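*Asks:*
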Amino acid sequence: GHHELSSLRKYGTFLFLCRLDQLFVICLLGLIFIAFLCFCLYIKYIHLKYDHIPGPPRDSFIFGHLPTIQREMSNDRVVHDKFLEWAETYGPVYRINGLHAVMLCVTCPDTTKEVLMSPKYPKAPLFYKRLFNLFGQRFFGNGLVTAQNHDEWYKQRRIMDPAFSSLYLRGQMGAFNERAEKLMDKLADMADTNTAANMQHMFNCVTLDVITKVAFGVELDLLKESDSPFPNAIEMCLKGMVLYVRDLTFQLYPKNKKFINEVKKSCQLLRSTGRQWINERKMAVQNGEDVPKDILTQILKTAGKGML
């Protein structure tokens, strides 16, 4: 009898624990359902708040227009062609829904100028915070492009302004013209030998040549130095940036690991090279050496006046 009583107690304890587990699962499912219901109600509230703005029909209540955008990107089409199509159909200001977020697409020049020039319209935190790093490798940091605090941005902008004034840039026309002449000579040689020209690659090389010469006083001569790692590094960073911003799960897939490592190495190359050029110029200025009158010198001079 004592053994049977002990067995009954154990069985009763087992049933009690099973009931507790069932109750826990029911409560958990109930909380998930309530949270999902609240999320749906919030999405409905967002729809009611912004549906007076024209826009294409949503693909679904929850995901909004995200399926269409994902379909455009997965088919190797340019998603901005779809945005242009929507602008032609729904006007210069239209909305795009995705989950609980609403994006406004603006093609009107006056409105675009107002949004970009006025501090009333802050940068999107989700987007610009992600650009601080690229797959865990520091990328833009908290620089002029990504600074969200207006005061911080304004200080950096004041440092950059003198180097990009029309008067200063007119003084750099010689460098622009020299690179353009080199491009024409290269194209003439290729035409004489009936060699096909990759115009996109050549324009990229000329653009980078001009930037490094005018900004850093560095001669890359990429039209001749075809083995330079910089054009490919910049291309990899730009490709990685698009994927990193658009697809939050991209780095979770093992098949993307090789590409991600290449992007991170490209980031390291560009940042370490830029750091080296800046440090070398700082040392030259401190030692009283003659330095090129380029954008880097102008920025260091402005920053040295206490505008930081």
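According to the UniProt record's numbering, the sequence shown is numbered sequentially starting from 1.
All C-beta atoms in this analysis are idealised placements derived from N, C-alpha and C, irrespective of residue type, glycine included.
The model shown is predicted, which means the values in this text are computed figures rather than measured ones.
Measure the Cβ-Cβ separation of C69 and V79 and say whether it is below 8 angstroms.
*Replies:* Residue mapping note: residue 69 aligns to position 69 of the sequence shown, counting from 1. Residue mapping note: residue 79 aligns to position 79 of the sequence shown, counting from 1. Residue identity differs from the one stated: residue 69 is Ile in this sequence, not Cys. Closer than 8 angstroms, so yes.
*Asks:* When we look at the beta-carbon of M199 and count the other beta-carbons within 10 Å, is it buried (16 or more) or exposed?
*Replies:* The count along the sequence shown starts at 1 and reaches residue 199 at position 199. Exposed: under 16 other Cβ atoms inside 10 Å.
*Asks:* What do you get for I295, buried or exposed, if any count of 16 or more other CB atoms within 10 angstroms of its CB means buried?
*Replies:* Within the sequence shown, numbered from 1, the residue matching residue 295 stands at position 295. Buried, by the Cβ-count rule.
*Asks:* Leaving out five residues before and five after M307 in sequence, what residues of the same chain have Cβ atoms less than 6 angstroms from its Cβ?
*Replies:* Counted from its first residue, the sequence shown places residue 307 at position 307. The predicted model places M307 with a pLDDT of 47, which falls under 50 and marks its position as unreliable, so this point remains unresolved.
*Asks:* Please state whether DSSP places Q137 in a helix, a strand or coil.
*Replies:* On the sequence shown, residue 137 is found 137 positions in, with the first residue counted as 1. Annotated three-state conformation of Q137 is strand, per DSSP.
*Asks:* N97: buried (16+ other C-beta within 10 angstroms of its C-beta) or exposed?
*Replies:* As a working mapping, residue 97 is identified with position 97 in the sequence shown. Buried is the call here.
*Asks:* For the pair the segment 134-141 and the segment 239-246, tell me if three or more CB-CB distances fall below 8 angstroms.
*Replies:* yes
*Asks:* Can you tell me which of the three DSSP states Y94 falls into?
*Replies:* If you number the sequence shown from 1, residue 94 lands on position 94. Strand.
*Asks:* Indicate the three-state DSSP secondary structure (helix, strand or coil) for L104 in the structure shown.
*Replies:* Against the sequence shown, residue 104 aligns to sequence position 104. If DSSP states are grouped into helix, strand and coil, L104 belongs with the strands.
*Asks:* Rounded to a whole number of angstroms, what is the C-alpha to C-alpha distance between D161 and M103?
*Replies:* Position 161 of the sequence shown, counted from the start, is the residue given in the question as residue 161. Position 103 of the sequence shown, counted from the start, is the residue given in the question as residue 103. D161 and M103: Cα-Cα distance of roughly 31 angstroms.
*Asks:* Do V214 and Q156 have their C-beta atoms closer together than 8 angstroms?
*Replies:* Taking the first residue of the sequence shown as 1, we reach residue 214 at position 214. Taking the first residue of the sequence shown as 1, we reach residue 156 at position 156. Their beta carbons are not under 8 angstroms apart, which means V214 does not touch Q156 by this criterion.
*Asks:* On a CA-only basis, which of N142, F259, R58 and E114 is nearest F127? Give me that one, please.
*Replies:* For the purposes of this step, residue 127 is taken as residue 127 along the sequence shown, with counting starting at 1. If we check each option's Cα against that of F127, N142 comes out closest.
*Asks:* Return the CA-CA distance between E152 and Q298, expressed in angstroms with no decimal places.
*Replies:* As a position in the sequence shown, residue 152 is number 152, starting the count at 1. As a position in the sequence shown, residue 298 is number 298, starting the count at 1. Taking the straight line from one Cα to the other gives about 20 angstroms.
*Asks:* May I have the straight-line CA-CA distance separating H47 from I62, to the nearest angstrom?
*Replies:* For the purposes of this step, residue 47 is identified with residue 47 of the sequence shown, where counting begins at 1. For the purposes of this step, residue 62 is identified with residue 62 of the sequence shown, where counting begins at 1. Computed Cα separation, rounded: 10 angstroms.
*Asks:* Candidates T195, Y168, L187 and L183: which alpha carbon is nearest L208's?
*Replies:* Taking the first residue of the sequence shown as 1, we reach residue 208 at position 208. Among T195, Y168, L187 and L183, the Cα nearest to that of L208 is on L183.
*Asks:* Kindly list the residues whose CB is nearer than 7 angstroms to the CB of L269, restricted to its own chain and excluding five residues on each side of it in sequence; keep chain order.
*Replies:* Locating residue 269 in the sequence shown gives position 269, counting from the first residue. Here L269 has P229 and A233 as same chain residues with Cβ atoms under 7 angstroms from its own Cβ, once five neighbours each way along the sequence are excluded.
*Asks:* Helix, strand or coil: how does DSSP classify G240 here?
*Replies:* Taking the sequence shown and counting its residues from 1, one reaches residue 240 at position 240. Helix, per DSSP.
*Asks:* Fully enclosed by the segment 110-137, which beta strand (DSSP E) runs are 3 residues long or longer?
*Replies:* none
*Asks:* In whole angstroms, what separates the C-alpha of A124 from that of Q148?
*Replies:* Here the question's residue 124 lines up with position 124 in the sequence shown. Here the question's residue 148 lines up with position 148 in the sequence shown. Whole-angstrom Cα-Cα distance: 8 angstroms.
*Asks:* Suppose the cutoff is 6 angstroms on Cβ atoms and the five residues either side in sequence are ignored; what does the same chain contact list for G240 look like?
*Replies:* As a working note, residue 240 is residue 240 in the sequence shown. Around G240: L134 and V263.
*Asks:* Can you name the start and end residues of the alpha helix (DSSP H) that Y168 belongs to?
*Replies:* Stepping through the sequence shown from its first residue, residue 168 is reached at position 168. From DSSP, the alpha helix (DSSP H) with Y168 extends over S166 to R170.
*Asks:* Spell out the partners DSSP gives S60 in its beta bridges.
*Replies:* Within the sequence shown, numbered from 1, the residue matching residue 60 stands at position 60. In DSSP, S60 forms a bridge with G64.
*Asks:* Just verifying my parser: in three-state terms, what is the DSSP assignment at residue 367?
*Replies:* Outside the displayed range of the chain (1 to 308) lies residue 367, so it cannot be described from this structure.
*Asks:* Please report the distance separating the alpha-carbon of E88 from that of V285.
*Replies:* Translated into the one-based positions of the sequence shown, residue 88 becomes position 88. Translated into the one-based positions of the sequence shown, residue 285 becomes position 285. Per the coordinates, the alpha-carbon of E88 lies some 53 angstroms from the alpha-carbon of V285.
*Asks:* Given this structure, state the Cα-to-Cα distance separating R271 from R95, to the nearest angstrom.
*Replies:* Translated into positions along the sequence shown, residue 271 becomes position 271. Translated into positions along the sequence shown, residue 95 becomes position 95. Distance from the CA atom of R271 to the CA atom of R95, rounded to whole angstroms, is 37 angstroms.
*Asks:* CA-CA distance, D227 and D192?
*Replies:* As a position in the sequence shown, residue 227 is number 227, starting the count at 1. As a position in the sequence shown, residue 192 is number 192, starting the count at 1. So the alpha carbons of these two residues sit roughly 23 angstroms apart.
*Asks:* Rounded to the nearest angstrom, how far is the Cβ of residue 332 from that of H100, given a contact under 8 angstroms?
*Replies:* Any question about residue 332 goes unanswered here, given that the chain covers just 1 to 308.
*Asks:* Excluding the 5 residues preceding and the 5 following T146 in the sequence, name in chain order all residues of the same chain whose CB lies nearer than 7 angstroms to its CB.
*Replies:* Translated into positions along the sequence shown, residue 146 becomes position 146. Taken in chain order, the residues that qualify are Y128, L131, F132 and F140.
*Asks:* Would residue 331 pass as a contact of T212 if the rule is Cβ separation under 8 angstroms?
*Replies:* This structure does not reach residue 331, given that the chain is present from 1 up to 308, and the question cannot be answered.
*Asks:* Can you tell me the Cα-Cα spacing of Q251 and G55, whole angstroms?
*Replies:* Position 251 of the sequence shown, counting from 1, holds the residue named residue 251. Position 55 of the sequence shown, counting from 1, holds the residue named residue 55. The alpha-carbon atoms of Q251 and G55 are separated by roughly 32 angstroms.
*Asks:* So, under 8 angstroms CB-CB, L187 and A175 are touching, yes? Tell me the CB distance rounded to an integer number of Å.
*Replies:* In the sequence shown, residue 187 corresponds to position 187, counting from 1. In the sequence shown, residue 175 corresponds to position 175, counting from 1. Incorrect: roughly 19 angstroms between the Cβ atoms, too far for contact.
*Asks:* Hey, how far is the Cα of R19 from the Cα of C27?
*Replies:* Within the sequence shown, residue 19 is the residue found at index 19, counting from 1. Within the sequence shown, residue 27 is the residue found at index 27, counting from 1. Cα to Cα, R19 sits roughly 12 angstroms from C27.
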